[in-house]
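Asks:
Number of protein chains: 2
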Amino acid sequence: MLQDYSLLRIPGPTPIPPSVGHAMNQPMIGHRGKETTALIQRIKPRLKKLFATENDMIMLTGSGTAGLETAVVNVASAGDEVLVIVTGAFGDRFAKICDAHNMKTHRMDVTWGDAANPSAVAAFLQENKQVKAVFMTHCETSTGVLNPVAEISQVVQANSDALVIVDGVSSAAGTETKIDEWGIDVYATGSQKAMMLPPGLAFLAVSERAWDVIEKNEESRFYFDLKTYKKNLDNDAVPYTPSIPLLFALEQALTLMEAEGMEEVYDRHTVMRDMVRAAVKTWNIPLLTEDTYGSPTVTAVQPDNFDPEALRKLLKEQFNLSVAGGQQHLKGKIFRIGHMGYCSPADVLQMLSIIELALVQLDVEISLGEGVRAAQEVYLENK
Amino acid sequence: MLQDYSLLRIPGPTPIPPSVGHAMNQPMIGHRGKETTALIQRIKPRLKKLFATENDMIMLTGSGTAGLETAVVNVASAGDEVLVIVTGAFGDRFAKICDAHNMKTHRMDVTWGDAANPSAVAAFLQENKQVKAVFMTHCETSTGVLNPVAEISQVVQANSDALVIVDGVSSAAGTETKIDEWGIDVYATGSQKAMMLPPGLAFLAVSERAWDVIEKNEESRFYFDLKTYKKNLDNDAVPYTPSIPLLFALEQALTLMEAEGMEEVYDRHTVMRDMVRAAVKTWNIPLLTEDTYGSPTVTAVQPDNFDPEALRKLLKEQFNLSVAGGQQHLKGKIFRIGHMGYCSPADVLQMLSIIELALVQLDVEISLGEGVRAAQEVYLENK
Numbered sequence: 021m022l023q024d025y026s027l028l029r030i031p032g033p034t035p036i037p038p039s040v041g042h043a044m045n046q047p048m049i050g051h052r053g054k055e056t057t058a059l060i061q062r063i064k065p066r067l068k069k070l071f072a073t074e075n076d077m078i079m080l081t082g083s084g085t086a087g088l089e090t091a092v093v094n095v096a097s098a099g100d101e102v103l104v105i106v107t108g109a110f111g112d113r114f115a116k117i118c119d120a121h122n123m124k125t126h127r128m129d130v131t132w133g134d135a136a137n138p139s140a141v142a143a144f145l146q147e148n149k150q151v152k153a154v155f156m157t158h159c160e161t162s163t164g165v166l167n168p169v170a171e172i173s174q175v176v177q178a179n180s181d182a183l184v185i186v187d188g189v190s191s192a193a194g195t196e197t198k199i200d201e202w203g204i205d206v207y208a209t210g211s212q213k214a215m216m217l218p219p220g221l222a223f224l225a226v227s228e229r230a231w232d233v234i235e236k237n238e239e240s241r242f243y244f245d246l247k248t249y250k251k252n253l254d255n256d257a258v259p260y261t262p263s264i265p266l267l268f269a270l271e272q273a274l275t276l277m278e279a280e281g282m283e284e285v286y287d288r289h290t291v292m293r294d295m296v297r298a299a300v301k302t303w304n305i306p307l308l309t310e311d312t313y314g315s316p317t318v319t320a321v322q323p324d325n326f327d328p329e330a331l332r333k334l335l336k337e338q339f340n341l342s343v344a345g346g347q348q349h350l351k352g353k354i355f356r357i358g359h360m361g362y363c364s365p366a367d368v369l370q371m372l373s374i375i376e377l378a379l380v381q382l383d384v385e386i387s388l389g390e391g392v393r394a395a396q397e398v399y400l401e402n403k
Numbered sequence: 021m022l023q024d025y026s027l028l029r030i031p032g033p034t035p036i037p038p039s040v041g042h043a044m045n046q047p048m049i050g051h052r053g054k055e056t057t058a059l060i061q062r063i064k065p066r067l068k069k070l071f072a073t074e075n076d077m078i079m080l081t082g083s084g085t086a087g088l089e090t091a092v093v094n095v096a097s098a099g100d101e102v103l104v105i106v107t108g109a110f111g112d113r114f115a116k117i118c119d120a121h122n123m124k125t126h127r128m129d130v131t132w133g134d135a136a137n138p139s140a141v142a143a144f145l146q147e148n149k150q151v152k153a154v155f156m157t158h159c160e161t162s163t164g165v166l167n168p169v170a171e172i173s174q175v176v177q178a179n180s181d182a183l184v185i186v187d188g189v190s191s192a193a194g195t196e197t198k199i200d201e202w203g204i205d206v207y208a209t210g211s212q213k214a215m216m217l218p219p220g221l222a223f224l225a226v227s228e229r230a231w232d233v234i235e236k237n238e239e240s241r242f243y244f245d246l247k248t249y250k251k252n253l254d255n256d257a258v259p260y261t262p263s264i265p266l267l268f269a270l271e272q273a274l275t276l277m278e279a280e281g282m283e284e285v286y287d288r289h290t291v292m293r294d295m296v297r298a299a300v301k302t303w304n305i306p307l308l309t310e311d312t313y314g315s316p317t318v319t320a321v322q323p324d325n326f327d328p329e330a331l332r333k334l335l336k337e338q339f340n341l342s343v344a345g346g347q348q349h350l351k352g353k354i355f356r357i358g359h360m361g362y363c364s365p366a367d368v369l370q371m372l373s374i375i376e377l378a379l380v381q382l383d384v385e386i387s388l389g390e391g392v393r394a395a396q397e398v399y400l401e402n403k
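From first to last, the protein sequence lines are chains A and B.
All residue numbers for the first sequence refer to our numbering, where the first residue is 21 and numbers rise by one.
All residue numbers for the second sequence refer to our numbering, where the first residue is 21 and numbers rise by one.
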């Protein structure tokens, strides 16, 4: 097989653009020097614009999970009642973090593959006014569901004083997120998905209302204390040594996204989702999630006539194409395709043409080219 | 459009593997130091093996054309009679170089798209025993013809004392070349095609018989004097400052080709050629060259019902996919697809799926997916 060749279509980490890789290769700079201050000054307004918020986006060196835990330990403390809407593995992670910090965690479990139900949230909150925060996942990476975060946020605000906390890790920059308009109090996301960056950076936006809670919150924390980040960011700084190459990369990724235009970025993701879904339907293979809640960034497929692990193995062995498997109880039952960030409709066509080759080899009854054709048609309708 | 994204499918320069790019990024080393000596020592035997020759491959910093001119000025001098077999723009270049050096150049022009005819060469040489060298192109990049070099070489040896000079620029490492077995006296090639390297290096293999001629040849030359290179190479050195990053890159590219295995490398190219040709035939678009002489590295397509320039423009604008146009009298009449080097069957499927999208937009009557399907079938038959 052609060496040093890989196609990475898992739902993160995702491929990064060459210029982002080159940006990381610049000489190190001191994190307390003028260069870093200037870099943060340049990045700050652009991140706010990307996420449609008036509040500064806090940057934290860590994974997406570090971002989630930061959200948790800043808005609640041991013994506090919180609601976690669990639509998959990453809702479950939010719940586990709350549990680890001894919060009184109410889980609202939703069948994996379904979206969260705003009415159920409303009903729960009407009966549980003491809940201090509601945690939810925008795109549930484990199922490919895009939860109706704007609606749920509205419902939370209408029925309680709880803060609205959103995990935006696999949705940020792949689908529109209006932090302020939607009333999100703490938004946490990571770098390694649609933002076209490597893993290692978490971003958090905090509302005025949330700052009031955070100031008074007594949960023990040091590295994850948002107050420290806020104080530093007001002076164009970060409290602890940042991953300098990731900041270089971030500036370049922002430049690329701005050059494409965020409307176009979001449209591209929608088209890629629709291309993938059209192909899978043409192959007569069930999708895990219904169209209404299909995420523009990741699609989960639940075959009923072949082993998804056999498909993944073949794709990896024959083409060095990586797609993801299922998590927890969906392990071995689904495969998940990432179509976000540095990924074009042409890349989607390539992936689909390879999946067809693998399906045929697994004796799945499809016609070669039919899924590609369905995706091509979607492209042409939307170009 | 997604920024910093491009698909380069011209017949060279070709994309380079990431690890080759990284290899180039190493700190510079002195060209007279031990590191360079050791590097050349490591490269030498591997280059010989790649080209199936017992003679050292001379490395020259310059383009493929520099390699061709080096071949010319070393084996003949002003006034000498030479035969140049011209099957396209690069045969023409050989002739122009001979003309520039005031040689008495006999051109054997072949219709572009056809291959050179060994019998015609035999007939010519029988009548022209005074010819000192016969120049030919292995893969004619301008037409996608792979000339029967082994056969022609045999014919030259059987009918004259002329040296056999071969341009291997767009065939080297994309299709088997047995320099010694075929009796090639001077073989010249460049780095930027199937060798998965950037432009900037030329390689030359010289037979014992050719060295005898070269030693006595009085044509003025300095940078291009092969004697100087030979003397240096015997001491694991190069006479003039080499492009150090290209030597780093060469070592890594050799590692990648060896890891894949040259048999597999050649098979991959053959399959990619057959995939492209199958798709084009399915679309009912004429190929410039018949199957027998279709090159494994580049394919020329000669549409009769649409403007190839309109196709190229659309591919570039909509997908940043570059394919080449025609040269000289074929300008505006053909387009040429490169499928060599760091290019996989998956990349070919991607390219074909995009070309289909463009053809439909140009109102060419094809069915979406049918060319992809034809190529997929070729892949499955050969995997």
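For each residue, glycine too, the CB sits at the ideal point set by N, CA and C.
Predicted model, so just to flag it, every value in this text is computed and none were measured.
Under the rule that 16 or more other beta-carbon atoms within 10 Å means buried, what is A143 of chain B, buried or exposed?
Replies: In the second sequence, residue 143 of chain B corresponds to position 123, counting from 1. Exposed, since its Cβ has fewer than 16 Cβ neighbours within 10 Å.
Asks: Ends of the alpha helix (DSSP H) at K149 of chain A?
Replies: As a working mapping, residue 149 of chain A is identified with position 129 in the first sequence. Taken as a continuous stretch (DSSP letters only), K149 of chain A belongs to no alpha helix (DSSP H), as it is neither H nor E.
Asks: If the cut is a Cβ gap below 9 Å, which residues of chain B does Y399 of chain A touch?
Replies: Against the first sequence, residue 399 of chain A aligns to sequence position 379. By Cβ distance, chain B contributes L377.
Asks: Please compile the residues from chain A whose C-beta is within a distance smaller than 7 Å of the C-beta of D24 of chain B.
Replies: In the second sequence, the residue the question calls residue 24 of chain B occupies position 4. Under the 7 Å cutoff, chain A gives P37, P38, S39 and L276.
Asks: Helix, strand or coil for V384 of chain B per DSSP?
Replies: Residue mapping note: residue 384 of chain B aligns to position 364 of the second sequence, counting from 1. Coil.
Asks: For S373 of chain A, does the three-state DSSP call read helix, strand or coil?
Replies: Within the first sequence, numbered from 1, the residue matching residue 373 of chain A stands at position 353. If DSSP states are grouped into helix, strand and coil, S373 of chain A belongs with the helices.
Asks: Is the shortest distance between the beta-carbon of A366 of chain B and the beta-carbons of chain A less than 8 Å?
Replies: Counting from one through the second sequence, the residue named residue 366 of chain B turns up at place 346. Interface residue, yes.
Asks: Just to confirm the assignment, what range does the beta strand (DSSP E) spanning Y207 of chain B have?
Replies: Walking along the second sequence from the start, residue 207 of chain B turns up at place 187. V206 to G210 is the extent of the beta strand (DSSP E) around Y207 of chain B.
Asks: Can you check the segment 293-366 of chain A for any alpha helix (DSSP H) of at least 4 residues that lies completely inside it and give the ranges in chain order?
Replies: 328-339
Asks: Measuring straight from C-alpha to C-alpha, what distance separates Q322 of chain A and A344 of chain A?
Replies: Position 302 of the first sequence, counted from the start, is the residue given in the question as residue 322 of chain A. Position 324 of the first sequence, counted from the start, is the residue given in the question as residue 344 of chain A. Taking the straight line joining both Cα atoms gives about 12 Å.
Asks: What are the boundary residues of the alpha helix (DSSP H) that V40 of chain A is part of?
Replies: Looking up residue 40 of chain A in the first sequence gives position 20. Unbroken alpha helix (DSSP H) run through V40 of chain A: P38 to M44.
Asks: On the premise that G220 of chain B lies in contact with S263 of chain B, defined as a C-beta separation below 8 Å, what is that separation, rounded to the nearest angstrom?
Replies: If you number the second sequence from 1, residue 263 of chain B lands on position 243. If you number the second sequence from 1, residue 220 of chain B lands on position 200. Right, their Cβ atoms sit about 5 Å apart.
Asks: Counting along the chain, where does the beta strand (DSSP E) carrying D187 of chain A start and finish?
Replies: Walking along the first sequence from the start, residue 187 of chain A turns up at place 167. Looking at the DSSP string, the run of the beta strand (DSSP E) that includes D187 of chain A is L183 to D187.
Asks: Assuming M215 of chain B is part of the alpha helix (DSSP H), what are its boundary residues?
Replies: The residue labelled residue 215 of chain B in the question sits at position 195 within the second sequence. M215 of chain B -> no alpha helix (DSSP H), and no H or E assigned at all.
Asks: Note down the Cα distance separating F155 of chain A from P33 of chain A, rounded to an integer number of angstroms.
Replies: By 1-based counting over the first sequence, the position of residue 155 of chain A is 135. By 1-based counting over the first sequence, the position of residue 33 of chain A is 13. So the two alpha carbons sit approximately 23 Å from each other.
Asks: Check for me: the beta strand (DSSP E) holding K124 of chain B runs from which residue to which?
Replies: Your numbering for residue 124 of chain B matches position 104 in the second sequence. K124 to D129 is the span of the beta strand (DSSP E), which, as asked, contains K124 of chain B.
Asks: Tell me the DSSP secondary structure of I60 of chain B in three-state form.
Replies: Your numbering for residue 60 of chain B matches position 40 in the second sequence. Reduced to three states, the DSSP call for I60 of chain B is helix.
Asks: In angstroms with no decimal places, state the Cα-to-Cα distance between F355 of chain A and R332 of chain A.
Replies: In the first sequence, residue 355 of chain A corresponds to position 335, counting from 1. In the first sequence, residue 332 of chain A corresponds to position 312, counting from 1. One alpha carbon belongs to F355 of chain A, the other to R332 of chain A, and they sit about 8 Å apart.
Asks: Are at least three pairs of beta-carbons, each pair with one atom in the segment 71-79 of chain A and one in the segment 224-233 of chain A, less than 8 Å apart?
Replies: yes
Asks: Assign L400 of chain A to one of two classes, buried (16 or more other C-beta atoms within 10 Å of its C-beta) or exposed (fewer than that).
Replies: Indexing the first sequence from 1 puts residue 400 of chain A at position 380. L400 of chain A should be labelled exposed.
Asks: Measure from the alpha carbon of L246 of chain B to the alpha carbon of each residue in B:Y286, B:M79 and B:C363, then state which is nearest.
Replies: Position 226 of the second sequence holds residue 246 of chain B. Considering only alpha carbons, the answer is B:M79.
Asks: Can a CB atom of chain A be found closer than 8 Å to the CB of S240 of chain B?
Replies: Position 220 of the second sequence, counting from 1, holds the residue named residue 240 of chain B. No - not a single Cβ of chain A is within 8 Å of the one on S240 of chain B.
Asks: Measuring only between beta-carbons, confirm whether E196 of chain B sits less than 8 Å from chain A.
Replies: Here residue 196 of chain B corresponds to residue number 176 of the second sequence, with the count starting at 1. Chain A contact via Cβ: absent.
Asks: Output needed for A193 of chain B: all residues of its chain with C-beta closer than 6 Å, excluding positions within five of it in sequence on either side, in chain order.
Replies: Taking the second sequence and counting its residues from 1, the one referred to as residue 193 of chain B is at position 173. The answer, listed in chain order, is A214 and M215.
Asks: With 8 Å as the threshold, decide whether the Cβ of S211 of chain A is near any Cβ in chain B.
Replies: Counted from its first residue, the first sequence places residue 211 of chain A at position 191. S211 of chain A does not count as touching chain B.
Asks: For V189 of chain B versus I204 of chain B, is the C-beta distance shorter than 8 Å?
Replies: Your numbering for residue 189 of chain B matches position 169 in the second sequence. Your numbering for residue 204 of chain B matches position 184 in the second sequence. Taking 8 Å as the Cβ cut-off, V189 of chain B and I204 of chain B do not qualify as a contacting pair.
Asks: Please list the residues of the segment 271-303 of chain A that have a C-beta atom closer than 7 Å to any C-beta atom in chain B, keeping them in chain order.
Replies: Taking 7 Å as the Cβ-Cβ cut-off against chain B, the residues of the segment 271-303 of chain A that qualify are L276, A279, E280 and R288.
Asks: Closer than 8 Å, CB to CB, is Q347 of chain A near chain B or not?
Replies: As a first step, residue 347 of chain A is located in the first sequence; it is residue number 327 there, counting from the start. Not one chain B Cβ lies under 8 Å of Q347 of chain A.
Asks: Rounded C-beta distance between M123 of chain B and V141 of chain B? I'm assuming under 8 Å.
Replies: Your numbering for residue 123 of chain B matches position 103 in the second sequence. Your numbering for residue 141 of chain B matches position 121 in the second sequence. Actually they are not in contact, since the Cβ atoms of M123 of chain B and V141 of chain B sit about 18 Å apart, beyond 8 Å.
Asks: List the residues of chain B whose Cβ lies closer than 9 Å to the Cβ of I105 of chain A, in chain order.
Replies: Reading the first sequence from its first residue, position 85 is the one you call residue 105 of chain A. What I105 of chain A touches in chain B: nothing, since even the nearest Cβ is about 33 Å away.
Asks: Count the CB pairs spanning the segment 27-43 of chain B and the segment 279-294 of chain A that are closer than 8 Å, and state whether there are at least three.
Replies: No, the segment 27-43 of chain B is not in contact with the segment 279-294 of chain A.
Asks: Hey, how far is the Cα of H359 of chain A from the Cα of A273 of chain B?
Replies: Counting from 1 along the first sequence, the entry for residue 359 of chain A is found at position 339. Counting from 1 along the second sequence, the entry for residue 273 of chain B is found at position 253. Straight-line Cα distance between these residues: approximately 30 Å.
Asks: Only counting the same chain, and skipping five residues up and downstream in sequence, which positions put a Cβ closer than 6 Å to that of V300 of chain A?
Replies: Residue numbering aside, residue 300 of chain A sits at position 280 when the first sequence is read from its first letter. Counting only Cβ-Cβ distances below 6 Å, and skipping sequence neighbours, we find L307 and V321.
Asks: Counting pairs of beta carbons, one from the segment 364-376 of chain B and one from the segment 387-402 of chain B, are three or more of them closer than 8 Å?
Replies: yes
Asks: Examine the ligand NAD and report whether any of its heavy atoms sits within less than 7 Å of the Cβ of A298 of chain A.
Replies: What this structure holds is no ligand at all, so the ligand NAD is not there to describe.
Asks: Tell me which same chain residues have a C-beta within less than 8 Å of the C-beta of N252 of chain A, skipping the five on either side of it?
Replies: Within the first sequence, residue 252 of chain A is the residue found at index 232, counting from 1. Same-chain partners within the cutoff: V258 and P259.
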